[in-house]
Every structure is written in C-alpha cells, then in structure tokens.
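Undergrad: In my numbering, the protein residues as written are -16 to 157.
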Amino acid sequence: MLTAAFLWFAAAAPAADASPPVAAPEPLVAIAAPTPEQITSFWQVVIEQQLIIRVPAQRSQLNNFAAGPTQSRRATEIPIVWKEKKAPKCVAMRNIMGMQAVQRDSIDIITRQKQRLRAQLNRGCRALDFYAGFYMQGSKDGQLCEDRDEIHARTGAKCEIDKFRLMVPVREDD
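1) Enumerate in chain order the residues of its own chain whose CB-to-CB distance from residue 89 is below 7 Å, with the five nearest sequence positions on each side excluded.
2) Please classify residue 124: is it buried, with 16 or more other beta-carbons within 10 angstroms of its beta-carbon, or exposed?
3) According to the Cβ coordinates, are residue 169 and residue 115 closer than 9 Å?
4) Tell me which same chain residues have a C-beta within less than 7 Å of the C-beta of residue 87, skipping the five on either side of it?
5) Please classify residue 28 as buried or exposed, where buried requires at least 16 other C-beta atoms within 10 Å of its C-beta.
6) According to DSSP, simplified to helix, strand and coil, what is residue 110?
7) How is the beta strand (DSSP E) around residue 39 delimited, first residue to last?
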C-alpha cells in the first residue's frame, strides 16, 4: 500500500524544472483512492516467495567419518534388520525430521512418526553427497513426491527421488 501511495505521489509530482508552488500544501491526512486515469500510470510489482527446508543428517556407518576404534554400548547391541515394504508416493514435508545415508544410491528419511522411508535416488546420484543432510524446496501441496521433486545437497548435487520404500524393523530370528 505504501509503495502504491509513493508511486501515485511520484506520478503526480511536478517536474524538476517547474516553478515551486506558491503556498505550502496542506498536510495529508487520508489517502484517496486513485482515479481510473491514475491507475494506468502505476507499475506492476511481482513478489515471489521461496521456501527452502533443511533436513539434518544423522550419523550412519556410511557418513561417520570421525568414528574411533572404541565401540559404544549401542554398537555391541544386536543390529536392526530392515525389511522393505510398499510406501506412499508422497511424504508431507512437515513430517520429515532427519535423514541417514545408509546405502550407495539411497537415503533413509526419518519422519516425526518414527517411520523410516528409504528414498531411492535417480541414476548417477550418490547418497554420500548428502552426508550433511539435504535441502528441499517447498511445494504448493507441501509434499515431497517420487518422480517429481528434487533434493539438494550442500555440495551442489541435485537428485530426483525415484521411489519411496517403507522400512520395517524385523527380528533376527524371523
């Protein structure tokens, strides 16, 4: 509104070579709506909004560069075995809490509901590029979808997600 008022006053202001007014103008109390003739002199202003969401990485065997020779208590526990199941084609961006790079060509996305979704990256993309997490651009529907959206690494890599798979923990004796 202020920009429109400024442009309206700038268009109505006299040229620099014109003589100054004789009396000081009255102070402006209210702004009147412009007439149809004045509307045609306005400039068009386009405002764009871009939302970038950062997803932090959690350490895994693939990206734990600072791992020392000592084993923690968690490392001596029985490792979890994951089984892939069918997953939805899209995930709500607001539900994504973190990620892990666990295989060469896929990353695991961890949701707020404690689900693990394996995102298979398109051909030529390496999960190691996403060792520090990834960024995604907000979409109109608020979803991260396979075969549609790209994720961006801090290194500059961009990869499209080919497929989501739901990872379910399975007991070793099954």
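Glycine included, C-beta positions come from ideal geometry on N, C-alpha and C.
Note that the coordinates shown come from a computational prediction; the quantities given were computed from them, not determined experimentally.
TA: Once the coordinates are examined:
1) If you number the sequence shown from 1, residue 89 lands on position 106. The answer, listed in chain order, is 101, 102, 103, 104, 110.
2) Within the sequence shown, residue 124 is the residue found at index 141, counting from 1. Exposed, because fewer than 16 other Cβ atoms sit within 10 Å of the Cβ of residue 124.
3) Outside the displayed range of the chain (-16 to 157) lies residue 169, so it cannot be described from this structure.
4) Locating residue 87 in the sequence shown gives position 104, where the first residue counts as 1. Around residue 87: 109, 110.
5) Counting from one through the sequence shown, the residue named residue 28 turns up at place 45. It counts as exposed.
6) By one-based count along the sequence shown, residue 110 stands at place 127. Three-state DSSP puts residue 110 in a helix.
7) What you label residue 39 is simply residue 56 of the sequence shown in a count that begins at 1. First-last for residue 39: undefined, no H or E at that position.
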